[in-house]
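**Q** Starting off with a structure, shown below.
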């Protein structure tokens, strides 16, 4: 059984209709956006804001095939304002970022 990759490029390719330029742009946006969202979550002091950011991140991660990031964001979404959920989220994102950097399209 093949290991699950931090980002499923086949899934991303299907979402981008196979357009390599779109795939690259979406990955770049995902990296930048996720860093910003994690910063916002670290500063969050309102459950509504927490829910908005975690839900947004869950959707964008699923969209590009970063399913471990999406799963970690879903856990954070269910555990509102629990900053301990950010550790696994950051770890999943670090793996995705490293994978993207080491496996450019």
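Residue numbers (the working numbering): 52 to 156.
Idealized CB from N, CA, C, for every residue including glycine.
(1) For my contact list, residue 74 and residue 101 are in at a C-beta cut-off of 8 Å; report their separation, rounded to the angstrom.
(2) Could you have a look at residue 139 and say whether DSSP puts it in helix, strand or coil?
(3) When you compare only the Cα positions, how much space is there between residue 87 and residue 111?
(4) Quick one, which of 68, 66, 58, 120 has its alpha-carbon nearest residue 141's?
(5) Return the first residue and the last residue of the alpha helix (DSSP H) that residue 98 is part of.
**A** Straight from the coordinates:
(1) Taking the chain shown and counting its residues from 1, the one referred to as residue 74 is at position 23. Taking the chain shown and counting its residues from 1, the one referred to as residue 101 is at position 50. No, residue 74 and residue 101 are not in contact; Cβ-Cβ is about 30 Å, not under 8 Å.
(2) In the chain shown, the residue the question calls residue 139 occupies position 88. Helix, per DSSP.
(3) Stepping through the chain shown from its first residue, residue 87 is reached at position 36. Stepping through the chain shown from its first residue, residue 111 is reached at position 60. Spanning the two alpha carbons is a distance of roughly 13 Å.
(4) To locate residue 141, count along the chain shown from 1; it is residue 90. The residue among 68, 66, 58, 120 with its C-alpha nearest the C-alpha of residue 141 is 120.
(5) Taking the first residue of the chain shown as 1, we reach residue 98 at position 47. First-last of the alpha helix (DSSP H) with residue 98: 98-115.
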